[in-house]
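Numbering-wise (the numbering used here), the sequence shown opens with residue 1190 and increments by one.
Down below is the structure, laid out as structure tokens.
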Amino acid sequence: IDVASVGDTILVASGIYFENVNFNGKNIVLQSINGALETILKPLDSSNPVIRIDNYENSSTVINGFTIKDGGNLRGSAIHTYSSSPRIENCIIANCNNTFDSTNGALSTFHSSPIVKNCLFYGNYTAIHFDSQGSSPTPSIINCTIINNLSHGLDGLATDNAPQISNSIIYDNGRNIAL
């Protein structure tokens, strides 16, 4: 990512990678070659998100086809977004031990409008936390399954722009939706 230019696509081969990825404001595509079951991202440093997108990246920023797991005890332990609008597609987010409080979603969005599509969230403390107060655009959850998360499936402060949820299963979480 450090040498990538805006608009580039980075293809990632199958394997288990210990990384903390920061998009650094670059609108790029990070895509696995063989899908989420074969391309796994784990944190190199569990005190940082596995993936950080927090520098005004737009919807041409894409994460596609990864399992992102074992994030630490922090907000956005798998994916942290701030003032950004990435697309997160065909991913599995699992086993993120973000137990500090329920606002520490494995995916945490702050003043962001991600489109999360065709993703599976399971085994996390809280799957997704939204903080879309103020003038943030509306986040979207499309064709996702959010199951077996200890505290919350969806949690957040959505006083102005609650997430749009369509064709998704949110089931058997400690609390399914708390917005």
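Positions of the beta carbon are idealized from the N, C-alpha and C atoms, including for glycine.
Residue i in three-state terms, based on DSSP
| i | result |
| --- | --- |
| F1310 | strand |
| D1344 | strand |
| L1226 | coil |
| R1364 | strand |
| D1191 | coil |
| T1334 | strand |
| F1319 | strand |
| R1264 | coil |
| S1329 | strand |
Exposed unless 16 or more other CB atoms sit within 10 angstroms - verdict on residue i
| i | result |
| --- | --- |
| T1198 | exposed |
| I1222 | exposed |
| S1297 | buried |
| L1343 | buried |
| S1355 | exposed |
| S1273 | buried |
| L1200 | exposed |
| A1316 | buried |
| N1247 | exposed |
| V1210 | buried |
| V1195 | exposed |
| L1226 | exposed |
| D1234 | exposed |
| G1345 | buried |
| G1260 | buried |
| G1204 | exposed |
| A1202 | exposed |
| G1294 | buried |
| G1265 | buried |
For residue j and residue i, believed in contact at Cβ under 8 Å, the rounded distance
| i | j | result |
| --- | --- | --- |
| Y1206 | I1229 | 7 Å |
| N1313 | I1282 | 7 Å |
| N1332 | S1357 | 6 Å |
| V1305 | A1267 | About 12 Å separates the two Cβ atoms, so there is no contact after all. |
| P1303 | T1256 | Actually they do not touch by this definition, with Cβ atoms about 18 Å apart. |
| I1336 | Y1311 | 5 Å |
Residues bridged to residue i [DSSP beta-bridge criterion]
| i | result |
| --- | --- |
| I1282 | I1257 and F1310 |
| H1269 | R1241 and S1297 |
| N1218 | The identity of residue 1218 in the sequence shown is Val, whereas the question assumes Asn. Partner(s): T1198 and V1251. |
| F1207 | K1231 |
| S1355 | I1331 |
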